[in-house]
Amino acid sequence: MRICVFLLVALIIASPALCRKSKNKLKCDPLDLENVDCTECYDKNGDPVPVPTPPNGYKRKTTCHCKCYFGCVRDIGAPTRECRYRSGKPWKGGRGLTCNCRSCDPPTIPPTYVSSNCSELTEYPAGTICLYECPPGCPAPPDENRRQYCGNGRWRWNPRICPPCNGSWSDWVNGTCSVTCGVGAINQTRTCDNPAPSNGGADCTREDGTTGLEEQKTLTCILPPCPIDGSWSEWVEGECSVTCGVGEKTRTRNCNNPSPAHGGAQCTREDGTTGLEETKFIPCDEGPCPIDGGWSEWEDYGDCSVTCGDGEVTQVRHCNNPSPAHGGADCTLEDGTTGQIEHQTVSCNDGPCPIDGGWSEWEDYGSCSVTCGDGEVTQVRHCNNPSPAHGGADCTLEDGTTGQIEHQTVSCNDGPCPIDGGWSDWVDGTCSVSCGHGLMTQTRTCNNPEPAHGGDECTRADGNTGLTEEKIVYCNEGVCPIDGGWSDWVDGECSVTCDDGEMTQTRTCDDPEPANGGAECTLEDGITTGLTEDRAVSCNLGDCPMDGGWSVWVDGTCTVTCGHGLMTRTRNCDNPPPTNGGDKCMRGDGTSGLTEERTVTCDEGYCPIDGGWSAWVDGECSVTCGVGEKTQTRSCDDPDPAYGGTECTLEDGITTGLTESRTVSCDEGPCPIDGGWSDWVDGECSKSCGHGLMTQTRACNNPEPAHGGDECTLGDGTKGLSEQKTIYCNEGVCPMGCEDLDKGMCTGSGDPHFKTFDNKPHHFQGPCRYTLAKDCGNGDFTVESQHEPIAPNVAISVIREVYVTAFGMEIGIHQGKVVTVNGTAITLNHHGSNVEIDLIGTNVRVRLIDFCVDIFYDGVHSAKVEVPTSYMGNMCGLCGDFNGDPSDDLNVNGVPQSWTIFGNTHLTDVSTCPGGNTGPADNPVFTCAPELKTRVAAATQCGLIKDHYGPFGMTCNDVVDPQRFFDDCVFDMCAWNGADGLCQNLEAYAAACVAAGVSSGSLNWRTADRCPLPCPDNSVYSTCTSICPATCANPNPDCDPGCVEGCQCKTGFLLSGLECVPEAECGCTDENGFYHMLGDVWDHDGEECSCHAENTITCEEYSSYDQ
């Protein structure tokens, strides 16, 4: 936006005036003049006197020098005014002074300039100053040489042209690297627009010495090394497992042709998984082995030699299981000889011979089946004379069938039975009203049925009995009709705002409204009916006011005889005059009244004007810094000489002219020195091996900026004295660690639900201590889990403790994340030479370092075991055998079993079972009431797991099949009767998703109302906490990036055991590297040691009393 600058000069009136006599002294009254400024006055002796202001007057022979306001030009008159006497005339101020202040048309931006600060107006008032701008970034003349002002209708002072401006380069702009990894090329571009060349200035100079408006160059870009996918070596075959016959041998290949590097993929096995090694078993044939014969099972016995009583039966077996082959021996008979077949005879008895049954005599008749009316009486006989036995036939009934008992029935009657009376339905009488609510009588009769044979009459409502009854009840004959009634008339708006008019009155039929068939209201015609009615009536809002109007202006007498003076113009408010409250006429100053006067200029002919110098205007210094020369210029235009006035006198005091120049020195101050960058200085790599990040630093001191010179340009285009950047660094290949190995994973959570190393799910619910996972090959380690039955269903259990046995020690993880080693409680984190015990998120992790085996337990219900693939085929326990085949995970002695039978084979000790009860012998059958199952499967309960738009969403559902976890959740919540089980199953599904590669930070399934995770003091919950948080023992951990759900200490706090404490409250680390909390006491080599502030440990010998 351009802004106009207006010079507003206070008006000081000191001008010719009408004169008068006052106490025999001559004075002149002040006279107002437009656009005039009188600044110097002299008396008759030529001495300065104060400039009079109204109401003060002028003494005789007072002379004042006056000039027009800035931007205005004098037309007629002299620069002085006298108060003098004219013979025979009243005292009168001398000649007048009139200044013209015409506005200017819009200016045209001078050549070489690009903008102005003047806004875009249709005309510009006198005195407006416009300041013009040269191209951005280019040198420009001083402000006074870039201005022009509006002086009485034309623009004055032509600005000096902008000097030539050489182009300057913008910062280099990087393109895109030609590769996404490794070493490539990148184009840099810069343009000659900082500033662009203008007014004949030179283009920018390229690095090759040529000039132009754009430059490009190509640089090398280095990105992280490209990933290398692994590829398999050739298969290497092992030895056959047998020396004869068909066996198995292994074929092994390694992912080292080449090995995966820089994040490249591991090799894909034939089963679709990935890893660094693959082994498979193939058959091998070493030729047939000799096969000794083996007996088949004894065949079924033949028929007994008799059909009842004692006899003999024979069974046979054959030497065909297997048959002897390749020189193998026949089977050995029971007498020690060998042969191909053997017989065995044993006694048989197919039971005693059958006895047919016979009838007893008929028993006496019993009582009649009723006490009155027709009934029946029965007599009985039994098939026990003799009773049928050993398959003998039952007795024959009279209808020809057979049976063990027979009944015979005849009729009987002990007289008619009494009949109690019963009421008929109520019969309505007549209502007491024809509309609305009334009363009526209802009647009923005791004839449904009538009482007979001594039966009771009916019981009335009052407890008495009788044959009839009446009662009074309410009746409703429908609502009564209501006739409508008119409301009051409501006035509408009058058709005029003054004098006589009309208005409409309206009323409605709603006082009351007609209802229930009642009549509508009768209109004023007495015939028609309706719900609304309008009528027209007259209205009068009083006489209308008449506003006053001005007459034409009447001119007075001009105040001067030459040049421009003033005169008074008058007009009256009588065309027409205001009446009936009408407004008076509006004056020019915004007030109202019946008369108005104003002073206007009048022209009595031109007066001569002598020229006056403007202020000196500086030209451009010959240098931009240091000492040089500049030209100063002034013009004879303040005011311009006109109407016979003289030109301005030059500095020589003799010559006159309209312009004058002179040369003076100028000092632009010391020249600026722009800063320059030093070389980049490398920092330390963030990794001691492999690819990491490194900070490079450089300083703006080559040279340092001085005398207003620019600081160095940073990479983001801003300026500064130092700069840092982060680049990739490579410290060589890292040795392979536990995290780099392929591992199998087994989990158990909830009530509980297991998934074996081979992904076989089962739901063993035993209540005792079991082998969870064990190295059954070399016996490196054993993991056991203590289960506990839960109420209200004691047939369901949960994992309550986990025990790890390795390196001659037993590590226990208990409820609440309490950890013991050989029964003694320890403080987390605990690092030994072979074992590390850490708190990672919500879990305690035990790492067996030499074996790269990790065991996790959350101290509530969820356990997990991870073992390298080198243990494949050597594992046993509830986690299965880890052979890649889930179908045999529940085998017992090679035979598939139910999970209960399978689980009980891994019981460690029956004494760990509550009350010695090992639980059900086989899988218990659980049922869930349909309404409970529907409730727990709802979208706000277990259904959250499968909801594509829920907290897990497609991010999880597309990676881990939610159905098994949904089923487990429904099972657990049914077992808890809907009171518990949701959170542990949502937690299990989230853990499975993270294990499958889903970012923990993207799973926001916990809320303040759903499964909130309580955190200790000075910590907060996060979906993404460090896997190696800052602890008192290690406040600056260095570990691979990654995060898990859990609680993280607030800023300024460190993890001490399971608590977050200020650094000043951290505990101690002993000589073995074990951490102890502040105030802990422990035994060490027969001494009692304790931890104090500032990592101070004191140890004292036990007293004889203590020992």
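The sequence shown runs -19 to -1, 1 to 1088 under mature numbering (1 follows the signal peptide of the UniProt record, and there is no 0).
Where is the CB? At the ideal position from N, CA and C, for every residue including glycine.
Only a predicted model underlies this, so the values are computations on that prediction, with no experimental measurement involved.
Any non-hydrogen atom of the ligand PLP closer than 7 Å to residue i Cβ
{"i": "alanine 496", "result": "Looking at this structure, you won't find the ligand PLP or any other ligand, since it has none at all."}
Beta-carbon spacing of residue i, residue j below 8 Å
{"i": "phenylalanine 886", "j": "aspartate 903", "result": "Residue identity differs from the one stated: residue 886 is threonine in this sequence, not phenylalanine. Taking 8 Å as the Cβ cut-off, threonine 886 and aspartate 903 do not qualify as a contacting pair."}
{"i": "glycine 141", "j": "glutamine 129", "result": "The question names glycine, yet the displayed sequence has arginine at residue 141. For arginine 141 and glutamine 129, no; Cβs fall outside 8 Å."}
{"i": "cysteine 427", "j": "glycine 447", "result": "yes"}
{"i": "glutamine 321", "j": "cysteine 300", "result": "yes"}
{"i": "threonine 449", "j": "threonine 424", "result": "yes"}
{"i": "cysteine 992", "j": "threonine 1006", "result": "no"}
{"i": "threonine 889", "j": "threonine 752", "result": "yes"}
{"i": "leucine 674", "j": "glycine 1038", "result": "no"}
{"i": "glutamate 474", "j": "alanine 517", "result": "no"}
{"i": "cysteine 566", "j": "serine 573", "result": "yes"}
{"i": "lysine 1031", "j": "serine 1003", "result": "no"}
{"i": "proline 995", "j": "histidine 842", "result": "no"}
{"i": "aspartate 437", "j": "aspartate 401", "result": "yes"}
{"i": "phenylalanine 952", "j": "tyrosine 970", "result": "no"}
When the options are compared against residue i, the one with the closest alpha-carbon
{"i": "threonine 199", "options": "Pro178, Asp184, Gly165 and Gly182", "result": "Gly165"}
{"i": "glutamate 125", "options": "Glu280, Ser595, Gly656 and Val1025", "result": "Ser595"}
{"i": "tryptophan 661", "options": "Thr644, Gly689, Leu695 and His688", "result": "Leu695"}
{"i": "leucine 967", "options": "Pro997, Gly934 and Gly978", "result": "Gly934"}
{"i": "arginine 171", "options": "Gly163, Gly193 and Thr161", "result": "Gly193"}
{"i": "alanine 433", "options": "Ser766, Pro397 and Asn457", "result": "Pro397"}
Reduced DSSP secondary structure (H/G/I, E/B, other) of residue i
{"i": "tryptophan 153", "result": "coil"}
{"i": "tryptophan 880", "result": "helix"}
{"i": "isoleucine 167", "result": "strand"}
{"i": "valine 477", "result": "coil"}
{"i": "glutamate 431", "result": "coil"}
{"i": "arginine 945", "result": "helix"}
{"i": "residue 1089", "result": "Since the first residue shown for the chain is -19 and the last is 1088, residue 1089 is missing from the structure and cannot be characterised."}
{"i": "leucine 420", "result": "strand"}
{"i": "serine 868", "result": "helix"}
{"i": "arginine 141", "result": "coil"}
{"i": "cysteine 265", "result": "strand"}
{"i": "cysteine 923", "result": "helix"}
{"i": "glutamine 796", "result": "helix"}
{"i": "glycine 320", "result": "strand"}
{"i": "isoleucine 57", "result": "Low per-residue confidence applies at isoleucine 57: pLDDT is 44, beneath 50, and the placement is therefore not dependable enough to give any value."}
{"i": "serine 603", "result": "coil"}
{"i": "cysteine 937", "result": "helix"}
{"i": "lysine 198", "result": "strand"}
Euclidean distance between Cα positions of residue i and residue j
{"i": "proline 208", "j": "serine 159", "result": "16 Å"}
{"i": "glutamate 514", "j": "aspartate 480", "result": "27 Å"}
{"i": "alanine 177", "j": "alanine 121", "result": "15 Å"}
{"i": "leucine 522", "j": "aspartate 528", "result": "18 Å"}
{"i": "asparagine 139", "j": "aspartate 184", "result": "29 Å"}
{"i": "aspartate 555", "j": "glycine 562", "result": "15 Å"}
{"i": "isoleucine 57", "j": "cysteine 49", "result": "Note that isoleucine 57 scores a pLDDT of 44, beneath 50, so its modelled location is shaky and nothing firm can be said."}
{"i": "cysteine 652", "j": "tyrosine 105", "result": "41 Å"}
{"i": "aspartate 10", "j": "arginine 550", "result": "Here aspartate 10 scores only 46 on pLDDT, less than 50, and its place in the model should not be relied on; the value that follows carries that caveat. Their Cα atoms are separated by approximately 20 Å."}
{"i": "isoleucine 508", "j": "cysteine 502", "result": "10 Å"}
{"i": "histidine 418", "j": "tryptophan 407", "result": "20 Å"}
{"i": "tryptophan 216", "j": "glutamine 878", "result": "36 Å"}
{"i": "aspartate 536", "j": "threonine 636", "result": "47 Å"}
{"i": "tryptophan 658", "j": "threonine 676", "result": "16 Å"}
{"i": "asparagine 1076", "j": "valine 816", "result": "23 Å"}
{"i": "cysteine 909", "j": "isoleucine 777", "result": "14 Å"}
{"i": "residue 1164", "j": "cysteine 857", "result": "In this structure the chain extends from -19 to 1088, so residue 1164 is not present and cannot be described."}
Handout entry: Those runs of the alpha helix (DSSP H) which lie wholly inside the stretch 959 to 1045 and span at least 4 residues
Key = Segments of the alpha helix (DSSP H) lying fully in the stretch 959 to 1045: 963 to 976.
Practice task
Note down, one range per segment and in chain order, each beta strand (DSSP E) of at least 3 residues found wholly within the stretch 81 to 132.
Solution key: As far as the stretch 81 to 132 is concerned, its whole beta strand (DSSP E) runs of at least 3 residues are 110 to 114 and 128 to 132.
Handout entry: Ordered list of beta strand (DSSP E) runs contained in the stretch 330 to 400, each at least 3 residues
Key = 355 to 363 and 386 to 394
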